[in-house]
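Going by the working numbering, 345 is the number at position 362 of the sequence shown; the sequence numbering is gapless.
Ideal placement from N, C-alpha and C gives every residue a C-beta, glycine not left out.
Below is one structure, written out as structure tokens; the observations come after it.
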Amino acid sequence: MRKTEGDGGSTVGKHQWKAGFAAAAAALLLLAGCTQKEPAPPKETADPPEGEHPSGDLAPLEKRVTVTIAEDGAASGAGFYIAKEKGYFEDYNIDVEFAQFANSDEMLPAVAAGEVDIAGGVSTASFFNAIAQGIDVRIIADKGHNVPGKSYFTFVRGVDSSIEEYADIKGKKIAVSSRNSIDSYFFDKLLEHAGFTEEDVEFVLIADFGSMLGAVDNGTVDMALSIEPLIAQGVLQGMHERFRDATEFAPDTQVAMVLGSPQFMTQEKDISLRFMLAYLKGLRDYNDAFQKGEGKDEIIDIMVKHTALKDPEMWEQVQVTGLDPDGKMFVDNIREQYEHYKAAGAISGEIDFDKAIDPTITEEALEILGPYDRD
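This is the structure we're talking about:
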């Protein structure tokens, strides 16, 4: 919920929650709501000639505001952390605060009510069911996908495993952290690519990613769907090896998305547009660092400060989360995942995707910034 400079403040209730696609110590989404009455949106100043503002584009807001983000240290929140630390939010007279919730069942209604402005969402049947049942949140930008050849969310096998090709997975025990989620979607896509069904392998449910490390290492399971930095740590410790790359069997897959409250996206566009400009600038610095090697030490320092991975040297080893520098999502895949869960009998109700997926603010910000130079 909005706070402006001079307000009496807000009461924030903090809870903790764990998403279906938690990544051990690396990827939790925490949120908090506030109970203060919503003040009128601040007025923006008239725009002087371009280049005279600290941001280099839009004028800062006349009145300072605070935007509440649902984030506690997931690596996929890099765009938020970088924009905060490098002053991109400050350039628009925006403060950001990171808030916490017990679980997604509490978080999503808070976003829909405007008590939280921005959140992270991971594809699960329960997420889509919430939207289908009337929880109005908007899917607005990329917050995580696999980079071809450098997947941060993929399968691992034991170091002495006989699994070399897709055909070798037949009859093997494969650990996955949850059903009817992005995790099981990847599992199903693996089987489909290999030409198998679940009857050809043994599905093993291990909810904790950390426990998967030991299960693969001691041979309790043959393969597991894991995530960075646990993948890199396990490789360095000789506990497992990466099996191929997830983009071979699940290309162009949207793992996580930025969510926005409908109020923030439509009634407070002067704020949300500036917020998105700052976010995209953070994503571009992230890509400069991890894809081009430019300014990498500075970005690693920021990631060390804000995430659970505190070893700078490990940031040189992990295959980092893909974050599109233009904020673009694999929209068709979001719809495909919904249909996938629906076919499995896990969805109750229909979704108006033309309403739920709304990258308007992201597209407007991109028009101002221009496309990222990927060369």
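DSSP links K172 through a beta bridge to no other residue. If you draw a straight line from the Cα of D191 to the Cα of V199, it is about 13 angstroms long. Membership of K325 in the alpha helix (DSSP H) is indicated by the continuous run V314 to A326. Fewer than three Cβ pairs drawn from the region 180 to 190 and the region 226 to 245 lie within less than 8 angstroms of each other, which leaves the two stretches out of contact. Around the Cβ of P295, a 10 Å sphere holds fewer than 16 other Cβ atoms; the residue is exposed.
Only residues of its own chain outside the window of five on either side were considered, and among them V139, R140, G141, V142, S144 and V218 have a CB closer than 8 angstroms to the CB of E224, listed in chain order. Around the CB of K264, 16 or more other CB atoms lie within 10 Å, so the residue is classed as buried.
For the 8 angstroms CB-CB criterion, L260 and S38 form a contact.
Runs of the beta strand (DSSP E) lying entirely within the region 279 to 318 and spanning at least 3 residues: none are present. Under the criterion of beta carbons closer than 8 angstroms, L306 and G62 qualify as touching, at roughly 6 angstroms. When beta bridges are read from the DSSP output, K155 appears opposite no residue.
The closest CA to that of R227, considering only F169, G132 and A291, is found on G132. Here the alpha carbons of A177 and G56 stand approximately 35 angstroms from one another.
Comparing alpha-carbon positions, the option among E68, F72 and T290 lying closest to I254 turns out to be F72. DSSP places A190 outside both helix and strand once states are collapsed to three, so it counts as coil. Taking D315 as reference, the option from G202, A233 and Q220 with the minimal CA-CA separation is A233.
Here F84 carries a coil assignment [DSSP, helix/strand/coil].
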